[in-house]
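Here is the structure we will look at.
In our numbering, the protein residues as written are 1121 to 1477.
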């Protein structure tokens, strides 16, 4: 059982990171990963419903009565959604709280007029990728997401792990994890693996993730396509696993494919590379900033099932190349994408804002 976080004295809180959405999302994952780590170096709390006990959490209902800091100095309000920017503005202007407003943007699309107005009202902005920053109409600091490289790390005995997870032990295992829906390109992965397995007799594939009610027909179509190809014993489907079991499934992989048609940032390639699995990824989200072409994996055009097939086949069938890419992939994450580096860079923004009048 994880230890329950202890809140700092309320008048000593320096940073509030709201997370108002109950359903688990990428933003929620970011808050859950970062806040406990950042709390070691700065007086930060999250604020949201039903957060895990290890996350210092100030319930939203207590925000209006939050006492001032000694000397009346400001706090940082770090929003990651529109509703949280709105709440920050309300607390600042209606609740008379002394706040410095910070927003992190992962979106890679032109924002609505209302969102652009909200962003203009912020004191500072972070973008999670160069692509995201390009859609903002003001300067932003680019800070990539990072990975816990202790939790996500290679295992010495991959066959033993696969036995524990009831996965095929023999041959390479290719993974594609995340929500099951058209946007995520699961159908492109299935088509590529069917083509490859027609003449590659070894290896298996694992599709893991949850399909919401509106996407269950899409998932069933994928399963039917695999069955029609006679490959249900090699292209496996699993529902999403608890977050504490996710790393073990990445550790079981030899290769990871991220075939998305659209993505905000996309952590899965980093999680796979941290575990020593090279990546084949489409040029969406931050993938072009994460994967080093020809060194840690391959980058392909969106919707190009032929390119996905060729790149995946290349790494699946060339054991030496896959091993070389695996080593480089792990080192790439250690050098550039650790959770500690992300946390420290964001704290640097906090301290800069806190130092301003």
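Don't be surprised by glycine CBs; every beta carbon is placed ideally from N, CA and C.
In this text, all values refer to a predicted model and were calculated from it rather than measured experimentally.
Unbroken alpha helix (DSSP H) run spanning residue i, endpoints
i	result
residue 1252	1250-1254
residue 1324	Residue 1324 -> not in any alpha helix (DSSP H); beta strand (DSSP E) instead, spanning 1324-1328.
residue 1234	1233-1240
residue 1192	From DSSP, residue 1192 is part of no alpha helix (DSSP H); its letter is neither H nor E.
residue 1338	1336-1348
residue 1320	No alpha helix (DSSP H) holds residue 1320; DSSP gives it neither H nor E.
residue 1459	1459-1474
residue 1208	1202-1213
Segment limits, beta strand (DSSP E) that includes residue i
i	result
residue 1223	1219-1225
residue 1145	It is not in any beta strand (DSSP E) - residue 1145 carries neither H nor E in the DSSP assignment.
residue 1195	1195-1199
residue 1308	Unbroken run through residue 1308 is the alpha helix (DSSP H), 1306-1317; no beta strand (DSSP E).
residue 1135	1135-1138
residue 1245	1244-1247
Alpha-carbon to alpha-carbon, residue j and residue i
i	j	result
residue 1436	residue 1323	8 angstroms
residue 1346	residue 1133	53 angstroms
residue 1429	residue 1240	43 angstroms
residue 1145	residue 1192	35 angstroms
residue 1279	residue 1367	15 angstroms
residue 1315	residue 1351	11 angstroms
residue 1289	residue 1365	18 angstroms
residue 1219	residue 1194	5 angstroms
residue 1067	residue 1340	This structure gives no information on residue 1067, because the portion of the chain shown stretches from 1121 to 1477.
residue 1230	residue 1402	21 angstroms
residue 1179	residue 1162	19 angstroms
residue 1159	residue 1214	28 angstroms
residue 1243	residue 1255	18 angstroms
residue 1306	residue 1456	28 angstroms
residue 1471	residue 1234	28 angstroms
residue 1252	residue 1228	5 angstroms
residue 1370	residue 1389	10 angstroms
residue 1217	residue 1211	6 angstroms
residue 1357	residue 1294	12 angstroms
residue 1112	residue 1257	Nothing in the structure corresponds to residue 1112, since the chain is present only between 1121 and 1477.
residue 1411	residue 1181	42 angstroms
residue 1106	residue 1395	Summary: the structure shown does not reach residue 1106, with the chain confined to residues 1121 through 1477, and so no result is reported for it.
residue 1147	residue 1185	26 angstroms
residue 1204	residue 1141	10 angstroms
residue 1189	residue 1474	12 angstroms
residue 1311	residue 1465	40 angstroms
residue 1261	residue 1202	19 angstroms
residue 1418	residue 1445	10 angstroms
Inter-residue CB distance, residue i and residue j (contact presumed, cutoff 8 angstroms)
i	j	result
residue 1443	residue 1416	Between residue 1416 and residue 1443 the Cβ distance is about 12 angstroms, and since that is not below 8 angstroms, they are no contact.
residue 1282	residue 1397	About 13 angstroms separates the two Cβ atoms, so there is no contact after all.
residue 1224	residue 1246	4 angstroms
residue 1420	residue 1431	6 angstroms
residue 1269	residue 1454	6 angstroms
residue 1404	residue 1308	With a Cβ gap of about 12 angstroms, residue 1404 and residue 1308 do not count as contacting.
residue 1171	residue 1123	Residue 1171 to residue 1123, Cβ: 14 angstroms. No contact.
residue 1361	residue 1376	16 angstroms between Cβ atoms; not a contact.
residue 1238	residue 1196	Incorrect: roughly 16 angstroms between the Cβ atoms, too far for contact.
residue 1331	residue 1300	4 angstroms
residue 1175	residue 1152	6 angstroms
Given residue i as reference, the closest of the options once Cα atoms are compared
i	options	result
residue 1459	1192, 1387 and 1258	1387
residue 1273	1477, 1451, 1456 and 1466	1451
residue 1263	1472, 1468, 1476 and 1474	1468
residue 1126	1293, 1153 and 1177	1177
residue 1380	1302, 1197 and 1357	1302
residue 1199	1175, 1168, 1181 and 1287	1168
residue 1250	1197, 1265 and 1394	1265
residue 1304	1321, 1338, 1333 and 1319	1338
residue 1326	1344, 1374 and 1334	1374
residue 1423	1267, 1392, 1434 and 1378	1378
residue 1463	1155, 1128, 1135 and 1129	1155
residue 1408	1248, 1359, 1277 and 1320	1248
residue 1164	1130, 1298 and 1382	1130
residue 1291	1439, 1382, 1476 and 1128	1439
Proximity test, Cβ basis, 7 angstroms: residue i and chain C
i	result
residue 1287	Among the chains in the structure shown there is no chain C, since it carries only a single protein chain.
Contact test: residue i Cβ vs the ligand SAM heavy atom, cutoff 6 angstroms
i	result
residue 1445	The ligand SAM is not among the ligands present in this structure, which contains no ligands whatsoever.
Practice task
Tell me the start and end of each unbroken beta strand (DSSP E) in the region 1359-1447 that is at least 3 residues and wholly inside, in chain order.
Solution key: DSSP runs (the beta strand (DSSP E)) wholly in the region 1359-1447: 1375-1378, 1399-1402 and 1417-1420.
Handout entry: Entirely enclosed beta strand (DSSP E) segments - the region 1156-1181, minimum 3 residues
Key = 1164-1167
Handout entry: Whole alpha helix (DSSP H) elements within the region 1257-1308, 4-residue minimum
Key = Restricting attention to alpha helix (DSSP H) runs no shorter than 4 residues, the region 1257-1308 encloses them at 1278-1284, ordered along the chain.
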